Amino acid sequence: MASFSVQFLGCKVSHVDALEVRERLLADGHVERDGSADVAVVNTCCVTHEAVSKSRKQAARAARTHDRVYVTGCGANLAADAFAGLPKNVVVVARRSEETPEFVAGDVGAIGCVQADVRLDRVRAFVKVQDGCSFSCNFCVIPLVRGASRSRAAEAVLGEIARRVAQGHREVVLTGINLGCYRDRAAGYDLPRLVREAGATPGLERLRLSSIEINHVNDALIAALRETPTVSRHLHVPLQSGDDGVLRAMGRRYTVATYLRRLAPLQAEFNLTSDVIVGFPAEDERAFAATIDSVRAAGLTKVHVFPYSPRPGTVTAEEDSVSPQEKKERGARLRAVSHDACLARWRTKIGRDDLVLVDRPGRGYGDDYSPWLVDESIPVGRLVRVRGRAATEEGVLAA
Ligand code: SF4
């Protein structure tokens, strides 16, 4: 039996990939341990240059406290040489996400299947339904490291959701790189049908989508979201830029007008959040101002701001004309807009009731994924009806 630790960097898909390795090692009879252990798995990210260097640092740190370190995930697939020069106990696993748990488990060695069903001590389960991406945005390295879009069979997804609920999870987040591409052609499923059936899982309290491209926000999906009672009133829809010229240069497949038109019917009901890249080479001050206007017009609240960073192998790998100072300054302006929009939404909850799923002591999320501060004595995992008393910097304070 080996002791192990698993860490991840980056997005929810990286999180799920790390959990899959973890579950496989637990199922093989190995034991998870914080701090030093026999084996460490570091599931890495490569979405920016900074993400790769953080991944490398984490692997180097793990190599000091573990006998063997497996470097997995996007970073390992993009540039194995980014991890060159690390101690000899670091193994870089440049494999597709589907093959990685098997490879790591095979290398560590099984001691027999002593734990068939692994309980994850979490309120929220991320269930991967799709991986890879067949869009080819000019800045994005994901299709290169994760390959083309592919989906899991609906039966496997629905079975996993039922298992997660039986293990005690109250909320499930359907996760993928480009979720709207979900298809199980043989069984006749697309994302709207999957949402309806996943949402009807007995015992499930809440269902969310990790993120959805605007191209996939159509009538069928909106109807499925509205008509499935467990679906949370939250959608994360990447905008990336609010300027048509920049969107074109990015190779995105929509205009700002399309983005706004498709989200307009959801604005009143859903909490809309997004990703925006600042400092893309085609972004001048006018284009950035258009992005700020679009963020406001779309009614976005939380915006995750990413300073542009050229990635090897992409169309814009050699382009980086906006200065680091300018990126920083634009990022700060956009974050300020997002901060004000979050506070404005939270203020609308004062004096109103919401159902909060408590996921940590004293904290949880409302039906539209707004953060709430609740009484510390409420047990984690409980869904409670609370009334908003005030909007604070960290979320809505319950009365
Ligand atoms: S949609 Fe574009 S940005 Fe998103 S993963 Fe695919 S290529 Fe990358």
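Note that the numbering used here numbers the sequence shown so that position 11 is 22, with each residue one more than the last.
Glycine residues also receive a C-beta, built at the ideal position from the N, C-alpha and C atoms.
Owing to the predicted nature of the structure, the values given are computational and were not obtained by experimental measurement.
By the 16-neighbour rule on beta-carbons within 10 angstroms, T55 is buried. For R133, the secondary structure class from DSSP, reduced to helix, strand or coil, is coil. Distances from the alpha-carbon of H247 to those of E166, V52, T186, W383 put T186 closest. Distances taken from the Cβ of F146 to the heavy atoms of ligand 1 include one shorter than 6 Å. Between L384 and Y376, the gap from beta carbon to beta carbon reaches 7 Å or more. Pairing E330 with L258, the inter-Cα distance amounts to about 15 Å. The Cβ atoms of L36 and F19 lie no closer than 7 Å to each other.
For N149, the Cβ stays outside the 6 Å cut-off from all heavy atoms of ligand 1. The nearest non-hydrogen atom of ligand 1 is 6 Å or more from the C-beta of N54. V42 carries a strand assignment under DSSP once its states are collapsed to helix, strand and coil. Shortest Cα-Cα distance from D286 to any of Y319, E166, G392 involves Y319. Taken through DSSP and simplified to helix, strand or coil, K99 comes out as coil. In this structure, ligand 1 has a non-hydrogen atom nearer than 6 Å to the beta-carbon of N189.
R237 and V156 have their alpha carbons spaced roughly 34 Å apart. Pairwise C-beta distances place the stretch 293-307 out of contact with the stretch 272-279, as fewer than three of them are shorter than 8 Å. In the structure shown, D286 falls within a strand segment according to DSSP collapsed to helix, strand and coil. Your pair G310 and D365 does not check out as a contact, with CB atoms roughly 19 Å apart and the cut at 8 Å.
Between V348 and V316, the C-beta spacing is not below 7 Å. The residue from E224, G40, A136 with its alpha-carbon nearest to that of G117 is G40. Excluding five sequence positions before and after E337, the CB atoms of its chain that fall closer than 7 Å to its own CB belong to G290, given in chain order.
Distance from the CA atom of Q251 to the CA atom of V228, rounded to whole angstroms, is 16 Å.
In this structure, ligand 1 has a non-hydrogen atom nearer than 6 Å to the beta-carbon of P154. Within 10 angstroms of the beta-carbon of D254 lie 16 or more other beta-carbons, which makes it buried. Per DSSP, K313 is not a residue of any alpha helix (DSSP H); the beta strand (DSSP E) it occupies stretches across 311-318.
With a 10 Å radius around the Cβ and a threshold of 16 neighbouring Cβ atoms, D28 comes out buried.
At a cut-off of 4 residues, the continuous stretches assigned as alpha helix (DSSP H) that sit fully inside the stretch 229-275 are 230-238, 255-261, 267-274.
In this structure, the CA atom of G191 is about 20 Å from the CA atom of V58.
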